[in-house]
Amino acid sequence: MNIQQFQEALFAKGREMGYADMEIYYVNGRSTSVKVLKGEIDQYTIVENGGLSFRGVINGKMGYASTEKLEPDVIDFLLEEARSNADILESEEQDELFVGSESYPKQPAYASTLVDTAPEILIEAALEMERTALAADPRIVMARHCSVSVRENEVLIVNTKGLHCHRHKSLATAYVYVIAADHGETVTGGWHDYSLRSVEEIDIADVAHKAVQEAVSKLGAHTIQSDNYPVIFRHDAAAQLLAAYTSVFSAESVDKGFSRLAGKLGQKVASEHITLIDDPLMENVPAGSTFDAEGSATRRNEIIKAGELRTYFHNRKTARKAGVQSTSHASKGSYNGKIGVSYHNLYVAPGTCTLEEMIRKTDRGLMIVELQGLHAGTNTASGNFSLACLGYWIEQGQVVRAVNQITVSGNFFDVLQQVEEVGNDLRFTGSCTSPSLKLAALSISGS
Amino acid sequence: MIHPTQIQDMLQAALETGGDFAEVFVEDRTNGQLGMTGGVVDTALSGRDFGIGIRIMKEHFSVYAYTSDMSEQSLIRLAKSAAKAIRGGGAPGTHTITLHPHAIPNQHPIAIIPDGSQKRAKIDMMRRAHEAASQYDPSITQTSVGISNSIQNVLIANSNGLLVEDTRTYTRMRISAIATDGEHRQSGFRGPGAYAGTEFLENLNIEGNARHAARIASTMVKAGYAPSGRLPVVIENGFGGVLFHEACGHGLESTAVAHGTSVFANKIGQQVASPLVTAIDDGTIPNAWGSLNIDDEGAPTQRNVLIENGILKGYLVDRMGSRQMGVPATGSGRRQSYKFAPASRMNNTFIANGESTREEIIANTEYGIYAKSLGGGSVNTSTSEFNFAVEEAYMIRNGKIAEPVKGATLIGKGIETLQNIDMVGNNLDHGQGMCGSVSGSLPVNCGQPTIRVSEMTVGGRKGE
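Quick note, the sequences are listed as chains P and Y, same order. Residue numbers for the first sequence follow full-length UniProt numbering, so the first one is 1 and each next one is one higher. Residue numbers for the second sequence follow full-length UniProt numbering, so the first one is 1 and each next one is one higher.
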């Protein structure tokens, strides 16, 4: 069955069963990726996959169910399960379906030629990336992971109130992760880049060289003495840290007592150097989007402006409860989840300082380039973190050597307050990004 | 789920371009998830995942393709487009595949198969957890409780004629408690689970687990920060086994070992751990969270001795690893779903019992950290640098457990840490976790008796 036939049959049967309003959220994707190892294709993966989430109002409550199979025999499963799920919900605040925004922004994000890239082009790009990396430095012993992929993705939301939202996106990515070894020491480093238009647009050689630079510069690492040091979170580590704590900006977390930002609207929650923006309408970024998971047209939102908390992330339900407008932050973690709250293209607004200047202005301190174990070492309730990390020791304004076997600990909310300097090196690579950030002191554990 | 002749046709089409092995993985999975925040049911989800993956191998190269479109034309088209990626020719179309269905003995009896009719009873259980956690201590200000279950039906067939089917039933309860003390907040978590049906919940000490989560949160909210630096660390039994999982387990997977990139590569027969350490990965423990009758390549799971008295004995090997390394597979090919090609993964990994008692281990420690409940961690298998978070920790002073401390993260390098294990307890227990890696997120047990590591880097905050 195609999606339209399925949706019509589902809604028709749902009406018979007594559903007042119904909605489908359908995701479909295609991708091809090639991974090479030692000059040979190691893995080649082809994907064609979709899934559908149904939600509907029955007896005054909203029930959810989902499926990856779009055949007539799952229609009863969806409707029965959604009904029994609706039946047991106790939450007073009900979701409701949306008729749609008055108008939607346009965003070119799909290149039909991208997904039809000939397999030979993907293979050759991956092989070239591996060759370049291996040739770039004699200490590179292997490209542990070297892949190029193309994918497309469509989202369709249709409901009985008249909503009809559709988007189609495409993306090519190149990723390489290398191992370098010298005098019995082994280190790793990776880099990646993307294009929304074509594989050829990605500078494969540049990705390879950057990965090699990342790896070899970590050679010669050892630990440092436990102490408090000035710390620069390089852009990638800063983005990792921010991404681990984004739920504290969710109105749902605030409402349920999980976020320390409850009651802080209009207050200064960060240093004046911090402006945090979610801009789904930016062009040519991987995380652009013109509507959210409820079908609300998206817009640019300033979450923090010069240190002051301006808004939380709201969907329609949290907005109604708080008596404000939705910020179009309705999300679905996966097509089969319920409606939640999340960001689209979140970033810390760049400053004017280059990373080199930040280093130059550091007398004795640490630049952190990679944080590890964030899923376990961060606590969103308290804001506390204690994380294994890798970086470089700085003395008299210069990087002296690599550092490993250390942890950094602190508190995210304190970090926000203590940012002294914001870099100009913002680079959009995912849905949450940051330029480099410099802090006066953080606790480092080592020897 | 799908007719055997259709699978035979797919496998035949897959080998048309010279592949030497083809495998089909069909999955039909039903998921249920209930959630309660602060005693109010706010999540009730049901889902049906359904799809098919096909893998073709030629020597050390593999192609993987998957779809949830199960129409006959689509399946053959998928097999053919995957076959096109096989390069270098070969002897196309000479294979005649005959599938031989065989029944596998079920080692994991399920008493109560999860279904929609149990939703009310499960809500009552979640409410019991909420009540027990929220009444534990006045500092507990919020709770979050969930029950999830899934029934995964799989069919695995390959060009060697294998055709097997199996059903995996999982049930898990998650309990989080948040304690607040002015500006400070801390959370505590328990997540018991099993390869079992709803009987697992009926036999579970729900209140005990809820109080455990609440105890972690309320103790830690009042705790000061852990000290920094190199210290002896006593790690409690049960989920403390995540230390071995990260420090060593991932490095023993053929995915890491086959290309020589793991620090454990080429070390069979060598001393890689203290002689007190015997470590095992066992996929056959009845109804354990990480157990399976057959792995996701259709091979029976085994009990694999990885380290015996400190000597490296074996690796965890999947079918591709077996080709690359020239050793037999160990029943360790696993994947989250049809959306992933299988890879070598752990099942139930644990350190075997030693001879000390917990009391002896603590009494023998002058000064150090007692890591009572661990969170998760991660490892870079190329460098063997690992980390994991301690959810609940205490200082040990003069051989006695002293004040609680928060924010302790433990880091180290695999072999060095295993060599530094200087006491092993006699109280083996297992905890449940989800392990994320190349073939997705999988249920695994991590187990151990209480152990002591003579020296580890503890990442607290400076200045005790």
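Just so you know, even glycine gets a beta-carbon here, dropped at the ideal spot from N, CA and C.
Per DSSP, Y:P328 lies in no alpha helix (DSSP H) and is assigned neither H nor E. Apart from the 5 residues on each side of it in sequence, P:R360 sits with its Cβ closer than 6 Å to the Cβ of G397 in its chain, given in chain order. Counting only runs that start and end inside the UniProt domain "Metalloprotease TldD/E N-terminal" (22-85) of chain Y, the beta strand (DSSP E) elements of at least 3 residues fall at 40-58 and 61-67. Relative to the Cα of P:M17, the nearest Cα in the group P:F313, P:N159, P:S443 and P:L78 belongs to P:L78. Between the C-alpha atoms of Y:Y64 and Y:F388 there is a straight-line separation of about 33 Å. In chain order, G376 make up the part of chain Y whose C-beta sits under 7 Å from the C-beta of P:H375. DSSP places Y:V444 within a strand segment (E or B) once states are collapsed to three. The continuous beta strand (DSSP E) containing P:M367 extends over residues R364 to Q372. Note on geometry: alpha-carbon atoms of P:I24 and P:E124 lie some 40 Å from one another.
An exposed status is given to Y:T96, since fewer than 16 other beta-carbon atoms sit within 10 Å of its beta-carbon.
Between Y:G240 and Y:A408, the C-beta gap is not smaller than 9 Å, which leaves the two residues out of contact. Restricting attention to P:D193, P:E252, P:T311 and P:E120, the CA atom closest to the CA of P:S331 is found in P:E252. A Cβ of chain Y is located within less than 9 Å of the beta carbon of P:F77. For P:D42, same chain residues with a beta-carbon under 7 Å away, outside a window of 5 residues either side, are K35 and V36 in chain order. Using a Cβ-Cβ cut-off of 9 Å, P:V408 counts as an interface residue toward chain Y, since at least one Cβ of chain Y sits closer than that to its own. The alpha-carbon of Y:N420 is positioned some 14 Å away from that of Y:I351. Look at the beta carbons and you see the segment 390-404 of chain P touching the segment 356-370 of chain P: at least three pairs across the two are nearer than 8 Å. Assignment of beta-bridge partners to P:Y194 by DSSP yields P:T173. Among the residues facing chain P, Y:R174 is not included, as its CB has no counterpart in that chain under 9 Å away. Within chain Y, the C-beta atoms nearer than 8 Å to that of P:Q405 come from E385, I411, G412, K413 and T457, in chain order.
Among the residues of chain P, none has a CB under 7 Å from the CB of Y:A223; the nearest is roughly 11 Å distant. Counting of Cβ neighbours within 10 angstroms places P:Q325 among the exposed residues, the total staying below 16. P:V231 sits away from P:F413, with the two beta carbons spaced by 9 Å or more. For P:V369, not one C-beta of chain Y is nearer than 9 Å to its own C-beta. Assignment of P:H209 by DSSP, reduced to helix, strand and coil, places it in the helix class. With respect to Y:A299, Y:S439 sits apart: the two C-beta atoms are not nearer than 9 Å. Going by C-alpha positions, Y:S159 is about 18 Å away from Y:Y338. Using a CB distance below 7 Å, the part of the segment 406-434 of chain P facing chain Y consists of T407 and S409, ordered along the chain. At least 9 Å separates the CB of P:T311 from every CB of chain Y.
Taking 8 Å as the upper bound for CB-CB distance, Y:R185 and Y:G146 are not in contact here, some 20 Å apart. In the structure shown, P:M1 falls within a coil segment according to DSSP collapsed to helix, strand and coil. Per DSSP, the beta-bridge partners of Y:D429 are Y:Q448. A direct Cα-to-Cα measurement between Y:L442 and Y:T381 gives close to 18 Å. When rounded, the separation of the alpha-carbon atoms in P:L242 and P:L416 is 10 Å. For P:E308, the beta-bridge partners assigned by DSSP are P:K268 and P:K305.
Bridge partners of P:I123 according to DSSP: none are assigned.
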